[in-house]
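Residue numbering for the sequence shown follows the working numbering, beginning at 5 and increasing consecutively.
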Amino acid sequence: MNTPIYDFLQNYSKKNTLRCHMPGHHGRHISEELSELYRLDITEISGADSLFEAEGIILESEENTAALYNCGATLFSAGGSTACIQAMLGAMRLENRHIIAVRNVHRAFLNSCVLLGLDVTWIMPDYTDGILSGVVDMAAVENALAENPHSCLYVTSPDYTGRIADISAMAELCHRYGAKFVVDNAHGAHLHFLPKSMHPISLGADMCCDSAHKMLPALTGGAFLHVKDKRYKPILKQTMGMFASTSPSYLIMMSLDLCNRYMAEKIRGDIEDNLRYIRDFRQRFSNRLIFTESEPFHITIKAAESGFDGEEFAENLRKYGAECEYAHKDTVILLMSPMNIRADYERLGNIVEKSLELTRKSDIKPLNIPPVLPVKAMSIRAAALAENEQIPIEKATGRICASVKVPCPPAVPIAASGEIIDENCVKIFKSYGISSVIVVK
Ligand SMILES: Cc1ncc(COP(=O)(O)O)c(C=O)c1O
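Given below as C-alpha cells:
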C-alpha cells in the first residue's frame, strides 16, 4: 500500500530546501537522537495538504485507511480519540439528536458534553469489575431509545478491561428506532483484523473512533474516526476542526500513514501469532490467575479474586522489569498489541511467575459497591463552568459535583458534573483513593 504522507515528508527532508516557514526549528535538531524527526516535522506547505481541508496526500492516506477498514470514510486525528469524540458528538449536536450513553464513558466524552452543552440520558451497566466494566442490559437500551426519539446511542467498547459490548444487537436496535450509533472504540483499532472482524463499523455502528496509538504502531495522539456513510465526512471535518489544533502534527499523521502499510501487509499475520502466544500465556496461568472476559489483547487479571493485591503484584512486576497498563487492588491490566513478539510473552511469563512468588497471598475482597446513578441538579455544562471549590471527600455528601479527578481514564463517572454527590459516591471515591472533589460553590 502506498504511503503518500511519509513519501512527501521524506522527499522534502532530502531536498534540503531553505525553510522559511514554521515550525520554528526549521528542520534543525536540538537533540542528536531526534535529528530525523526534526527534519520530517513540517507544517501545511505547498503539496503537504491540510488536515481539515484535505484534498491531497492526507485525503489519499485517509482513503487508504477507509478501504482497509471497509468503511465509507475515515478522518485522521492528531488529537487522539478525544478529538474524534468531540467531532462525533458535534455532528450529533448539529442534527439536534439527544445523547443516550452507557455510563462507562471516558472523560473525553464528559468534556465534549461541556463544550457542546449536551445533556445525557444515562444507561447504567450491571457492574462486575468495580467501576471499570459492566454488562449492558439490552432492555434498558431499547427503553431509552423508545423514550427518546431522534437520538444517538453512545457506547464505549471495548471498555478499559477489554470487555466488548454486543455491538451488532445495539446497532440493530438503534436503526430500528431511527437513532445513530456512535462507538468509542479507542481500545479497538486492531479489531477489524482479527480472524473474524469485531470492529464496530463491521458490526453495524454508524461511526467510531479508534486510538491508533493505543493498539497499532502509531505515535501517541494518532487516531482514526471511521464513518459508515461517507456523506458525514465534511460535517465531521468541520466539527473536529472546531476544537482541534490548527497545527496537527505531521509526524503523527505520517505514523498513521505508515500504519496503513502495516495493516495492509503485516497485521493479520502478527495478530494470528499473538493470539497463539496470548492463548498459551492464559493457559499457563489458568490455575493461578482469574482473567476477565475480554477481547484477546487486554489480559485483565482479577487480582483480588485471584487471591492477591493487584497493586503489590504490579510493584513486583515492575521490580522484574515489566510495567502494566493499570493496577488497582482488584484488577491488573496487561495490554498487549499486534507488535508484540514471541520473546515478549516468554519474558512476561517468567516475570509473572517470579512476581507471583513474591506477592503475598491476601484475602482482599473485590470492591463491591455498585455505582448508582446520582440525582441530577444541574446540566453538565452549567456545573463544569460554575464557580467551584475543592473540598475533602468527607465533606462532599449533598454537594453538586463540578469536576472529579478520576482514578483512571475510562471508568464510570462516580458522579458526573451537575450530579449530587451522595453517600454511595463518597464510599466509592474513598475506595479508589480519591480524597478530594471539586464541587459547585
Ligand atoms: C475509552 C477511551 N476513550 C477515549 C480515550 C481518549 O483517547 P485519546 O487518548 O486517544 O485521546 C481513551 C484514552 O485513554 C479511552 O480509554
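Cβ coordinates follow ideal geometry from the N, Cα and C atoms, glycine included.
Give the DSSP-derived three-state secondary structure of residue i in the structure shown.
| i | result |
| --- | --- |
| Asp348 | helix |
| Val106 | strand |
| Ala386 | helix |
| Pro221 | coil |
| Ser407 | strand |
| Gly76 | coil |
| Lys184 | strand |
| Ala169 | coil |
| Thr335 | strand |
| His230 | strand |
| Gly138 | strand |
| Tyr266 | helix |
| Asp274 | helix |
| Phe289 | coil |
| Leu149 | helix |
| Thr125 | strand |
| Tyr10 | helix |
| Ile368 | coil |
| Ser359 | helix |
| Leu157 | strand |
| Lys399 | helix |
| Tyr42 | helix |
| Phe317 | helix |
| Ser17 | helix |
| Glu67 | helix |
| Ile282 | helix |
Just reading off the alpha helix (DSSP H) that residue i is part of, what are its end residues?
| i | result |
| --- | --- |
| Thr86 | Gly84 to Leu98 |
| Lys243 | It is worth fixing the name first, because residue 243 is Thr in this sequence and not Lys. Taken as a continuous stretch (DSSP letters only), the alpha helix (DSSP H) holding Thr243 covers Lys237 to Phe247. |
| Ser435 | Glu427 to Ser435 |
Which one of the options has the shortest CA to CA distance from residue i?
| i | options | result |
| --- | --- | --- |
| Tyr164 | Glu319, Pro300 and Leu120 | Pro300 |
| Ala71 | Ala390, Ala268 and Glu361 | Ala268 |
| Glu151 | Ala52, Arg101 and Tyr436 | Arg101 |
| Val140 | Phe12, Pro129 and Ala216 | Pro129 |
| Leu220 | Glu391, Thr69, Ile9 and Gly437 | Thr69 |
| Val106 | Gly76, Thr86, Asn147 and Leu120 | Asn147 |
| Pro378 | Asn372, Glu427 and Tyr330 | Glu427 |
| Gly245 | Asn15, Cys88 and Ser39 | Cys88 |
| Met92 | His30, Asp170 and Lys232 | Lys232 |
| Leu149 | Thr296, Val124, Ala419 and His25 | Val124 |
| Ile62 | Ser81, Ser407 and Ile397 | Ser81 |
| Glu357 | Thr250, Ala308, Arg286 and Ala183 | Arg286 |
| Ile104 | Ile418, Phe185 and Ser201 | Phe185 |
What is the residue span of the beta strand (DSSP E) that residue i lies within?
| i | result |
| --- | --- |
| Lys306 | His302 to Lys306 |
| Ile49 | Careful: Ile49 lies outside any beta strand (DSSP E) and carries neither H nor E. |
| Glu393 | Asn392 to Pro396 |
| Ser341 | Careful: Ser341 lies outside any beta strand (DSSP E) and carries neither H nor E. |
| Ser116 | Ser116 -> not in any beta strand (DSSP E); alpha helix (DSSP H) instead, spanning Arg111 to Leu120. |
| Cys213 | Met211 to Asp214 |
| Val443 | Ser440 to Val444 |
For ligand 1, any of its heavy atoms closer than 7 angstroms to the Cβ of residue i?
| i | result |
| --- | --- |
| Gly138 | no |
| Gly84 | yes |
| Ser215 | yes |
| Tyr131 | no |
| Tyr164 | yes |
| Ile135 | no |
| His191 | yes |
| Ile384 | no |
| Ile168 | no |
| Ile89 | yes |
| Ala105 | no |
| Thr78 | no |
| His110 | yes |
| Ala227 | yes |
| Asp367 | no |
| Asp188 | yes |
Is any non-hydrogen atom of ligand 3 found closer than 7 angstroms to the C-beta of residue i, if you look at the structure I gave you?
| i | result |
| --- | --- |
| Thr160 | Ligand 3 is absent from the structure shown, which contains only ligand 1. |
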